[in-house]
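In what follows, a structure is listed as structure tokens, so that the remarks can point back to it.
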Amino acid sequence: DAGPMFIEALAKESDPNLAAAMAGYIERLAKPEMVADIEEAARLHAGKPQAMRALVDALVSLHSPESGAALRKLAGDANPALRAEATLALIEHSPPAAGVMITTTRPKSQAESVGLQKGDIIVSYDGKPVESLDKLRKSVQAKADKELVTVMVNRGGTLVPVQITVDWIGIDGKFVKPQ
Numbered sequence: 007d008a009g010p011m012f013i014e015a016l017a018k019e020s021d022p023n024l025a026a027a028m029a030g031y032i033e034r035l036a037k038p039e040m041v042a043d044i045e046e047a048a049r050l051h052a053g054k055p056q057a058m059r060a061l062v063d064a065l066v067s068l069h070s071p072e073s074g075a076a077l078r079k080l081a082g083d084a085n086p087a088l089r090a091e092a093t094l095a096l097i098e099h100s101p102p103a104a105g106v107m108i109t110t111t112r113p114k115s116q117a118e119s120v121g122l123q124k125g126d127i128i129v130s131y132d133g134k135p136v137e138s139l140d141k142l143r144k145s146v147q148a149k150a151d152k153e154l155v156t157v158m159v160n161r162g163g164t165l166v167p168v169q170i171t172v173d174w175i176g177i178d179g180k181f182v183k184p185q
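So the sequence shown is numbered by my numbering: it starts at 7 and just counts up by one.
As structure tokens, this is what we get:
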């Protein structure tokens, strides 16, 4: 089994690019019995954003109670970058609703001006459920420019209606749904 070999080699790797590549392999090879090692590797490589992100994503991909517990521990870590990444990953791991989880808001975008945040889940656009980022984009394109629409956002389990105009929203995201 190659997963534990990559974890062991990653522990000794100082080059950020090689660490990111190795962490990417670990993400693809992750198994439930590797949760504690992946959690420790994420802590060890918290200063290497790409490697840390791949390791946190490996925990998300396992969708197990153990990987959820590891993400909760990482979300309480003293390192602010690791804490932020794990907090966002925890929402992806156990989302409160189906929709597009915002992973990035663009500066000076409509998303920023109306207060959309990383981790918000867009559950509907103009009254229609959001089933993918691509379908959200198509819904925006299907409306008349500058028309006012309501976007329902799930923020930490609470539905928040947000009024936006039909235009570039300024987000990146991924579709999530409860398991």
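Note that the Cβ used here is the ideal one computed from N, Cα and C, for glycine as well. It should be emphasised that the depicted structure is a prediction, and the values quoted were computed from it without experimental measurement.
Item                                                                                                                              : Value
Report yes or no: do the segment 135 to 147 and the segment 77 to 89 share at least 3 C-beta pairs separated by less than 8 Å?    : no
Hey, Q116 and I175: beta-carbon distance below 8 Å or not?                                                                        : yes
Within the chosen definition, does the segment 64 to 81 reach the segment 118 to 131 through at least 3 CB pairs nearer than 8 Å? : no
Would you tell me roughly how many angstroms separate the C-alpha atoms of P55 and F181, rounded to the nearest one?              : 22 Å
Pick out whichever of P135, V41, M107 has its Cα sitting closest to the Cα of G162.                                               : M107
Would you report the Cα separation of Q169 and D126, rounded to the nearest angstrom?                                             : 15 Å
Along the chain, where does the alpha helix (DSSP H) containing I13 start, and where does it finish?                              : 8 to 18
Could you have a look at Q116 and say whether DSSP puts it in helix, strand or coil?                                              : helix
Does the pairing of the segment 40 to 53 with the segment 10 to 26 give three or more beta-carbon distances under 8 Å?            : yes
Report buried or exposed for G121, applying the criterion of at least 16 other Cβ atoms within 10 angstroms of its Cβ.            : exposed
Are L65 and A57 closer than 8 Å when you measure CB to CB?                                                                        : no
What do you get for H69, buried or exposed, if any count of 16 or more other CB atoms within 10 angstroms of its CB means buried? : exposed
Once DSSP output is grouped into helix, strand and coil, what is the label at K152?                                               : coil
Excluding sequence positions up to five away, which residues of its chain have a Cβ less than 7 Å from the Cβ of I97?             : M107, G125
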